[in-house]
Amino acid sequence: MNPALDIEAAIERMAQSLHGLLKRQPVMVGIHTGGVWVAGRLHRKLGLADPLGTLDISFYRDDFTRIGMNPQVKASNLPVAIDDRHVILVDDVLHTGRTIRAALNEIFDYGRPASVTLAVLIERPGRELPIEAQVVGEHVKLAARQHAKLVGGPDKLELTIQETGG
1 MNPALDIEAA
11 IERMAQSLHG
21 LLKRQPVMVG
31 IHTGGVWVAG
41 RLHRKLGLAD
51 PLGTLDISFY
61 RDDFTRIGMN
71 PQVKASNLPV
81 AIDDRHVILV
91 DDVLHTGRTI
101 RAALNEIFDY
111 GRPASVTLAV
121 LIERPGRELP
131 IEAQVVGEHV
141 KLAARQHAKL
151 VGGPDKLELT
161 IQETGG
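Read in UniProt numbering, the sequence shown has 135 at position 135, and its numbers run on one by one without any break.
Below you can see the structure in the form of structure tokens.
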């Protein structure tokens with residue numbers, strides 16, 4: 001995997017893929033932190049009328065015992081009602097699927113959307129849950145001990161590859 005991935009080109013591909021959904025007047029929601037950065041760019045490119053929503057899924061995670069409590073919890077903000085709306089859920093990296101599961105749980109606490117479309121900047125192998133993105137900026141192959149992380153946002157996005165222990 002090349003950490004010098006052309007993020008702008010990947011976001012442009014995502015915007016083109018999402019363009020067909022605009023006739024349904026979707027609500028876009030980004031997952032803190034990298035997903036909000038990507039969603040902000042997509043939201044501007046697509047010219048969506050409703051404000052961008054944000055989710056912090058810290059309290060919905062199923063792995064507190066492994067990662068501990070996140071001390072930098074941010075407030076979630078869904079500025080419009082999502083009942084019967086088409087939601088575009090945006091994240092930076094889809095790996096195990098656990099972040100997306102937590103985000104879906106939180107979204108459904110706010111209401112019952114008509115549909116949820118998952119859009120991710122980076123999709124990589126290693127799913128632990130049956131979660132699949134409908135829109136992907138770039139598919140990457142990483143070793144099991146490598147993790148992709150989006151940094152530098154929201155203005156200068158850059159993908160870094162980190163090695164984990166174990």
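Just so it is clear, CB atoms sit at the ideal spot from N, CA and C, and this is done for glycine as well. Since we're looking at a predicted model, the values are computed, not measured.
Under the three-state reduction of DSSP, residue 100 is assigned to helix. Annotation: the continuous alpha helix (DSSP H) that includes residue 45 extends over 34 to 46.
When the five nearest sequence neighbours on each side are left out, the beta carbons in the same chain lying within less than 7 Å of the beta carbon of residue 136 are those of 120 and 123, in order along the chain. Shown here, residue 134 sits in coil according to DSSP, grouped into three states, outside any helix or strand. Taking a C-beta distance under 8 Å as the contact criterion, residue 86 and residue 51 do not qualify as a contact pair.
Here residue 93 has 122 and 148 as same chain residues with Cβ atoms under 6 Å from its own Cβ, once five neighbours each way along the sequence are excluded. Assigned with DSSP and collapsed to three states, residue 20 falls in helix.
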